[in-house]
Each structure stands twice: as C-alpha cells, then as structure tokens.
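Chemist: Residue numbers (our numbering): -10 to 250.
Note that CB positions come from ideal geometry on N, CA and C, so glycine has one too.
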Ligand SMILES: Nc1ncnc2c1ncn2[C@@H]1O[C@H](COP(=O)(O)OP(=O)(O)OP(=O)(O)O)[C@@H](O)[C@H]1O
Ligand SMILES: [Mg+2]
C-alpha cells in the first residue's frame, strides 16, 4: 500500500465542553478523492480546519508525507502544498477573477517589501510570473474568457470553480473542499464532478465534505464518516454504506435516494 499523504492519529479538539473532533485516526492516500460525510455538527469542518492548520488540536497528531506537521503554524501549511475552500464561498467582493487568483500566488513569489516598494525588476518579473500562472490556470480549466469578470457576480457554479482554481494557484497538491456542491444546480454539480475528476487525473489529492450522496458515490475512492466528532467508519462507499451504525446515524433516506439514482 502506498504511504498516506495525510494521516491523523487520535486527532482531538475541544471547545469548552464540546469535543468537536474526538480521537480521529484516518489515512488518506496520495491521488485519492476522499469523502468526509456525517450529520450537521458532526465535526467535519472542524476536522478540515485542523488538517489545514487553522485550528490547533487539543490532542493527537497530523502527518503529511510521514512528517509530523501538528505544530506548524497556519501559514506554513500552504507552502507544503495544502489548500482549501470554505463552506461559504469567500471571494473578494468587487474584485476581478484575476485579482482573486493573484492573491493566492503570492506566497510562491520571492521578493522583499523593499524591492516591491521600489518596483525593482525582480518584483516586476515576479508579478508577470504570477499573472502567467493565473492565466494558464484559467485556460486549463476552461475559464479563459472570465479573467476580468467580477468574481462575486458570477453564477454560483463558476464562483465555486474560481475558488477551486484559487486553491490550485497556491501550488497545492492536496485540496480540501467543504461542501462544494452546496447551492449548485444539477448541471453545475455535474460540471463540478468533472472538475474534481480532472484534479484526480492531475494526481492531486482531493478531500471533500459533501452531503450529496450521489456525488459521493460517483467520485469518492474512499469515505470516512464522522458522528459527534468520532470516526464511525472509513472505507469504500460499499463498505461504509453497509455499516448499520452509519445508516442509523446518517444515511437513512439519503442512502436510499443515492441507490435509486
Ligand atoms: N470555533 C468554535 N468554537 C466553539 N465551538 C465550535 C467551533 N467550531 C465548531 N464548533 C462546534 O463543533 C461542532 C462541530 O462543528 P462543525 O462545524 O465542524 O460541524 P460540521 O460537521 O461541519 O457541520 P455542518 O454539516 O453543519 O457544516 C459543533 O458542535 C460546533 O458548534
Ligand atoms: Mg461544516
């Protein structure tokens, strides 16, 4: 078995009396589309916040390619190649698609404040490199006509896409998507699934929280189920959905609906 790209060992976080993530140990293989499911309030977003360095765990460890990254600072996660999108779309209001994406490239550029201030050649070269990275990404993901559009005025499906491209613009190889299909119509959801499959073809590792079981069934290689902060099961869609505890805690109607699609 290949080494996991990400692994957690008894990962735990408490907020006062609430144990939002409780001794969760999972392993996520490189190049997988990994689904995280569970009822509202199960701890899914909190788990993402831990794995992307936004929260520090109360207990337990996180490993990235075998390296213990538990104590790294939040800004040290992005250079490792870990990036995320948020449950609610967070684009800069009033700014163009290009501007939204350029911001994400900044940690990849190497210039000092002084050179930026004097607009030295290195700074200008870096700005041009950044613009090229962004324009190339827009072309690659069929959004070349949209570079000057105001990002927050695009249809939901395209806003999601800009967010995902922004995560890619950081140079990420692991991408966390928190309910990417929320608020999308059926054809936008199909487009999103295509995009996520494309990322897999490009050898990215995608970890997604999703309530739409049809989408989960359609694209996830492996699934983990959280319930009250605890891991109920991890494995293939077939394995996990056959687990009576998972059916009772979460799936119910959702599972039947997905089976009948
Ligand atoms: N910063 C915080 N401070 C206090 N409690 C928090 C904080 N963040 C999350 N929680 C609590 O942790 C628990 C898990 O929340 P979380 O948002 O991770 O759930 P979720 O599985 O993402 O739910 P949903 O499907 O509704 O998005 C909830 O009880 C929530 O109130
Ligand atoms: Mg959530």
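Hey, residue 26 and residue 153 are a contact pair by Cβ (cut 8 Å); roughly how many whole angstroms apart?
Modeler: Position 37 of the chain shown, counted from the start, is the residue given in the question as residue 26. Position 164 of the chain shown, counted from the start, is the residue given in the question as residue 153. Actually they are not in contact, since the Cβ atoms of residue 26 and residue 153 sit about 20 Å apart, beyond 8 Å.
Chemist: Which two residues bound the contiguous beta strand (DSSP E) that contains residue 9?
Modeler: Here the question's residue 9 lines up with position 20 in the chain shown. Counting along the chain, the beta strand (DSSP E) containing residue 9 begins and ends at 7 to 13.
Chemist: I'd like to know whether the C-beta atoms of residue 150 and residue 184 end up nearer to each other than 8 Å.
Modeler: In the chain shown, counting from the first residue as 1, residue 150 sits at position 161. In the chain shown, counting from the first residue as 1, residue 184 sits at position 195. Contact: yes.
Chemist: Would the C-beta of residue 251 count as close to ligand 2, meaning under 7 Å from any of its heavy atoms?
Modeler: Residue 251 lies beyond the range of the chain shown here (-10 to 250); nothing can be said about it.
Chemist: Ligand 2 heavy atoms versus the CB of residue 167: any closer than 7 Å?
Modeler: Along the chain shown, one-based indexing puts residue 167 at 178. It does: the Cβ of residue 167 is within 7 Å (strictly closer) of some heavy atom of ligand 2.
Chemist: Count the other CB atoms, across all protein chains shown, that sit within 10 Å of the CB of residue 231; report buried if there are 16 or more and exposed otherwise.
Modeler: Start at 1 with the first residue of the chain shown, and residue 231 comes out as number 242. By the neighbour-count rule (16 or more Cβ atoms within 10 Å), residue 231 is not buried but exposed.
Chemist: Inspect the CB distances between the region 157 to 171 and the region 60 to 73 and report whether three or more fall short of 8 Å.
Modeler: Touching, yes, given that three or more Cβ pairs across the two stretches are closer than 8 Å.
Chemist: So does the region 58 to 67 actually touch the region 38 to 45, counting three or more Cβ pairs closer than 8 Å?
Modeler: Segments in contact, yes.
Chemist: Quick check on the DSSP output: the alpha helix (DSSP H) that includes residue 151 runs from which residue to which?
Modeler: For the purposes of this step, residue 151 is taken as residue 162 along the chain shown, with counting starting at 1. Element bounds for residue 151: 145 to 158.
Chemist: Starting from the Cα of residue 4, find the closest Cα among 47, 224, 79, 173 and give me that residue.
Modeler: Locating residue 4 in the chain shown gives position 15, counting from the first residue. Taking only the C-alpha atoms, the option nearest residue 4 is 47.
Chemist: Report the three-state DSSP secondary structure of residue 38 (helix, strand or coil).
Modeler: The count along the chain shown starts at 1 and reaches residue 38 at position 49. Reduced to three states, the DSSP call for residue 38 is helix.
Chemist: On a CA-only basis, which of 31, 8, -7, 29 is nearest residue 20? Give me that one, please.
Modeler: Against the chain shown, residue 20 aligns to sequence position 31. Nearest of 31, 8, -7, 29 to residue 20, Cα basis: -7.
Chemist: Taking DSSP as the reference, what is the three-state secondary structure of residue 16?
Modeler: The count along the chain shown starts at 1 and reaches residue 16 at position 27. Residue state, collapsed to three classes: strand.
Chemist: Let me know the secondary structure DSSP gives residue 188 once reduced to three states.
Modeler: To locate residue 188, count along the chain shown from 1; it is residue 199. Helix, per DSSP.
Chemist: Does the beta carbon of residue 223 fall short of 7 Å from some heavy atom of ligand 1?
Modeler: Sequence index remark: in the chain shown, residue 223 carries index 234 (1-based). Not under cutoff, so the answer is no.
Chemist: Please confirm if the region 128 to 147 is in contact with the region 74 to 90, defined as three or more CB-CB distances below 8 Å between the two stretches.
Modeler: Touching, yes, given that three or more Cβ pairs across the two stretches are closer than 8 Å.
Chemist: Verify the contact flag: residue 29, CB atom, against every heavy atom of ligand 1, threshold strictly below 7 Å.
Modeler: By 1-based counting over the chain shown, the position of residue 29 is 40. Yes, Cβ of residue 29 sits closer than 7 Å to a heavy atom of ligand 1.
Chemist: Taking its Cβ as the centre, do 16 or more other Cβ atoms sit within 10 Å of residue 79, making it buried, or is it exposed?
Modeler: Within the chain shown, numbered from 1, the residue matching residue 79 stands at position 90. Exposed, because fewer than 16 other Cβ atoms sit within 10 Å of the Cβ of residue 79.
Chemist: Identify which residue in 219, 209, 35 has its Cα closest to the Cα of residue 228.
Modeler: To locate residue 228, count along the chain shown from 1; it is residue 239. It is 209 whose Cα lies nearest to the Cα of residue 228.
Chemist: For residue 202, count neighbouring C-beta atoms within 10 Å of its own C-beta (all shown protein chains included) and say buried if the count is 16 or more, exposed if not.
Modeler: Locating residue 202 in the chain shown gives position 213, where the first residue counts as 1. By the 10 Å Cβ count, residue 202 comes out buried.
Chemist: Can you tell me whether residue 95 is buried or exposed, with buried defined as 16 or more other CB within 10 angstroms of its CB?
Modeler: Taking the first residue of the chain shown as position 1, residue 95 is located at position 106. Counting Cβ neighbours within 10 Å, residue 95 comes out exposed, since fewer than 16 surround it.
Chemist: Considering residue 94, what are the terminal residues of the alpha helix (DSSP H) in which it resides?
Modeler: Stepping through the chain shown from its first residue, residue 94 is reached at position 105. Taken as a continuous stretch (DSSP letters only), the alpha helix (DSSP H) holding residue 94 covers 86 to 94.
Chemist: Determine the DSSP secondary structure at residue 1, reduced to helix, strand or coil.
Modeler: Locating residue 1 in the chain shown gives position 12, counting from the first residue. DSSP places residue 1 in strand when its eight states are reduced to three.
Chemist: To which residues does DSSP link residue 23 through a beta bridge?
Modeler: As a working mapping, residue 23 is identified with position 34 in the chain shown. Bridge partners of residue 23: 196, 211.
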